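Peer 1: In my numbering, the protein residues as written are 14 to 472.
Virtual Cβ for every residue (Gly too), placed ideally from N, Cα, C.
All figures in this text were calculated on a predicted structure; none of them were measured in a lab.
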Amino acid sequence: MLALMLRLPRGIARWHEDAWLYSVYPAQTLHKLQMGLLHELPSTFTGLHPPAWPVLHALTELWSPRPLWWLMQSILLSTGAVVLLARRSRLAALLLATSPVAVHYAAEVNQYALLTFALAGLWSTSVNGRGRVHGPMLAWGLLAGWTHVLGAVAAFLAVVSLPSRLRWNTLLVLVLGFSPLVPGVLTTIGDASTFTQPSFMAGLVATDLVGRFGVLGLALPVFGLLGARRSPRLALGFVGGFVVLVCFVAARVAAPHQFPYLLTLLPPLALCVAAVPKAAWIFVPLALVQAGWQLAFDGRRVQDLATDVSAESRAVDVALGALAVPWTCPGTTLEPGCAGDALVLLRPPGRNDDDKTRTSAVLWRIRPWWSAPRIQLPEVPLGSNDHRHGQPRLVNLAGGPFAIYVHDQVRPTLSEVYGRHRAVWLVVSDVGPQSSMLESAVEMVGREAQPVGADFLIR
14 MLALMLRLPR GIARWHEDAW LYSVYPAQTL HKLQMGLLHE LPSTFTGLHP PAWPVLHALT
74 ELWSPRPLWW LMQSILLSTG AVVLLARRSR LAALLLATSP VAVHYAAEVN QYALLTFALA
134 GLWSTSVNGR GRVHGPMLAW GLLAGWTHVL GAVAAFLAVV SLPSRLRWNT LLVLVLGFSP
194 LVPGVLTTIG DASTFTQPSF MAGLVATDLV GRFGVLGLAL PVFGLLGARR SPRLALGFVG
254 GFVVLVCFVA ARVAAPHQFP YLLTLLPPLA LCVAAVPKAA WIFVPLALVQ AGWQLAFDGR
314 RVQDLATDVS AESRAVDVAL GALAVPWTCP GTTLEPGCAG DALVLLRPPG RNDDDKTRTS
374 AVLWRIRPWW SAPRIQLPEV PLGSNDHRHG QPRLVNLAGG PFAIYVHDQV RPTLSEVYGR
434 HRAVWLVVSD VGPQSSMLES AVEMVGREAQ PVGADFLIR
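1. With distances taken between CB atoms, is the gap from P386 to R406 smaller than 9 Å?
2. Going by DSSP, which residues form a beta bridge with Y418?
3. From the DSSP output, which residues share a beta bridge with H62?
4. Along the chain, where does the alpha helix (DSSP H) that runs through I379 open and close?
5. If F236 and V289 are in contact, beta carbons under 8 Å, what's the gap, nearest whole angstrom?
6. Grouping DSSP H, G and I as helix and E and B as strand, with all else coil, what is A94?
7. So A293 and A105 are in contact, right, with Cβ under 8 Å, and what is the actual spacing, rounded?
8. Suppose the cutoff is 6 Å on Cβ atoms and the five residues either side in sequence are ignored; what does the same chain contact list for L61 look like?
9. Do the CB positions of L156 and L127 come within less than 9 Å of each other?
10. Span of the beta strand (DSSP E) holding P464?
11. When you compare the CB positions of R435 and V338, do they come within less than 9 Å of one another, or not?
12. For D421, count neighbouring C-beta atoms within 10 Å of its own C-beta (all shown protein chains included) and say buried if the count is 16 or more, exposed if not.
13. Pop quiz: A383 and R79 are said to be a contact at Cβ under 8 Å. What is the actual Cβ separation, rounded to whole angstroms?
14. Rounding to the nearest angstrom, what Cα-Cα distance links D468 and V96 in this structure?
15. Output needed for A110: all residues of its chain with C-beta closer than 6 Å, excluding positions within five of it in sequence on either side, in chain order.
16. Give the DSSP bridge partners of N409, in chain order.
17. Look up Q86 in the DSSP assignment and say whether it is helix, strand or coil.
18. With a threshold of 6 Å on Cβ separation, who are the neighbours of V329 within its own chain once the five nearest residues in sequence on each side are excluded?
19. Specify the secondary structure class of T209 as computed by DSSP and reduced to three states.
20. Can you grab the Cα-Cα spacing for the pair S139 / T129, in whole Å?
21. Short check: CB of G190 to CB of L151, under 9 Å?
22. By Cβ distance below 6 Å, which residues in the same chain neighbour E348 in space, the five residues on each side in sequence not counted?
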């Protein structure tokens, strides 16, 4: 219950431009499902990531394209991870439920909630098993590896720690289960862009880590090492995983300023901490303090969102009220003669692409439970995951369906919107009157900006 209480406000706060733009990344998987090309799914990686989460996301797009499902699936999976870990240790489950890292990524439109769920199942499974193959561990390991490369690493570490009578047969079946992913892995390794993440800078990383997640989590590795003697298998999980993660950062495959990778270490680390005698005396109060602070922080953010949305005093409110001619094209493929009016939301990005602390009262004008299927642009190839086109979606508003675009930078694709629609309302939010983004937008589209409250409206 505590895990869900912490994650639901996070889901409300994270209905944000990031969620809108990130939802385009599994587009290739979605296209192959629509075309019935199921045999190509194992080799269809989204960036560096295997196809499990892209398939899950694509199924929600096919079943009911409402952003609410993107957020809720992550919330439920992250909460489910806590439930799985509670089967083994209530203290470990409490640590995972209240971990700042786990809560931080609990409502994102990406694969990390699914990965945490799989790894919680993997490490909470007993090493004892019947027969010659450890079925439960094999199933969780396959799910983890088909979700993330670090999940595959964790699966191998868990399986090699099994008793010898189960180890080799389970390992063999695990390798066979991962074999369909090999073409995708080789393609990813052969892509030069795989090794282009920023170099590691200890001072910046440490400052960002502590600044975002506090110092309470720093005690976990210390107590985890104390519990290593009582559970060497679990210690192999978080120490071995940490070594591999360091290698990924050194090879510039993993970005040092992004911390969701730490989720791969949390389940075995929390179980190791729980194995330390009287650890509960220290960590239960700390976890409850952390939970109280998190509830207060996200509760305040939700309250601020509600106040802003109810005021109806921003440029986006004017634009939504001015949309007059709805979309009349058959289906969701754009044709200029029937595309009607459009709304474009332009807002600068956060301090980096891992900043999950911002909210968006502007996007909350577009309710996440409204139907919002993807619009197919004629000049964009089917299956393209290029978010630079604004990831247009057809949203059912009170006056009918309208095309809505979201941008986080001023790009040439922004001006192309004006050639597709009868009228375009461009909202520029969270910028000052002398903002370079505002100036670039005005220059790009060749129209004047009208101030509306703290925002600007370009007709």
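Peer 2: According to the structure shown:
1. On the sequence shown, residue 386 is found 373 positions in, with the first residue counted as 1. On the sequence shown, residue 406 is found 393 positions in, with the first residue counted as 1. Yes. Within cutoff.
2. The count along the sequence shown starts at 1 and reaches residue 418 at position 405. BP columns for Y418 point to V357.
3. As a position in the sequence shown, residue 62 is number 49, starting the count at 1. Bridge partners of H62: T59.
4. In the sequence shown, counting from the first residue as 1, residue 379 sits at position 366. Premise fails: I379 is in no alpha helix (DSSP H) and is neither H nor E.
5. Here residue 236 is taken as the residue at index 223 of the sequence shown, counted from 1. Here residue 289 is taken as the residue at index 276 of the sequence shown, counted from 1. Contact flag correct, Cβ pair sits at about 5 Å.
6. As a position in the sequence shown, residue 94 is number 81, starting the count at 1. In the structure shown, A94 sits in a helix (DSSP, three-state: H, G or I).
7. Residue mapping note: residue 293 aligns to position 280 of the sequence shown, counting from 1. Residue mapping note: residue 105 aligns to position 92 of the sequence shown, counting from 1. Not confirmed; about 10 Å, so no contact.
8. Counting from 1 along the sequence shown, the entry for residue 61 is found at position 48. So the list reads T201, once near-sequence residues are dropped.
9. For the purposes of this step, residue 156 is taken as residue 143 along the sequence shown, with counting starting at 1. For the purposes of this step, residue 127 is taken as residue 114 along the sequence shown, with counting starting at 1. Closer than 9 Å, so yes.
10. By one-based count along the sequence shown, residue 464 stands at place 451. Counting along the chain, the beta strand (DSSP E) containing P464 begins and ends at 462 to 465.
11. Within the sequence shown, numbered from 1, the residue matching residue 435 stands at position 422. Within the sequence shown, numbered from 1, the residue matching residue 338 stands at position 325. Closer than 9 Å, so yes.
12. As a working note, residue 421 is residue 408 in the sequence shown. Flag for D421 reads buried.
13. For the purposes of this step, residue 383 is identified with residue 370 of the sequence shown, where counting begins at 1. For the purposes of this step, residue 79 is identified with residue 66 of the sequence shown, where counting begins at 1. Ala is not the amino acid found at residue 383; the sequence shown has Trp there. Indeed, because the Cβ distance is near 7 Å, the residues count as touching under 8 Å.
14. What you label residue 468 is simply residue 455 of the sequence shown in a count that begins at 1. What you label residue 96 is simply residue 83 of the sequence shown in a count that begins at 1. About 43 Å.
15. Walking along the sequence shown from the start, residue 110 turns up at place 97. Hits under 6 Å: L15, A16, V95.
16. Reading the sequence shown from its first residue, position 396 is the one you call residue 409. According to DSSP, N409 bridges with P414.
17. On the sequence shown, residue 86 is found 73 positions in, with the first residue counted as 1. Three-state DSSP puts Q86 in a helix.
18. Walking along the sequence shown from the start, residue 329 turns up at place 316. Hits under 6 Å: V375, R378, V440.
19. Position 196 of the sequence shown, counted from the first residue, corresponds to residue 209. Coil at T209, not helix or strand.
20. Mapped onto the sequence shown, residue 139 falls at position 126. Mapped onto the sequence shown, residue 129 falls at position 116. Straight-line Cα distance between these residues: approximately 18 Å.
21. Numbered from its first residue, the sequence shown carries residue 190 at position 177. Numbered from its first residue, the sequence shown carries residue 151 at position 138. Yes. Within cutoff.
22. Looking up residue 348 in the sequence shown gives position 335. Counting only Cβ-Cβ distances below 6 Å, and skipping sequence neighbours, we find C342.
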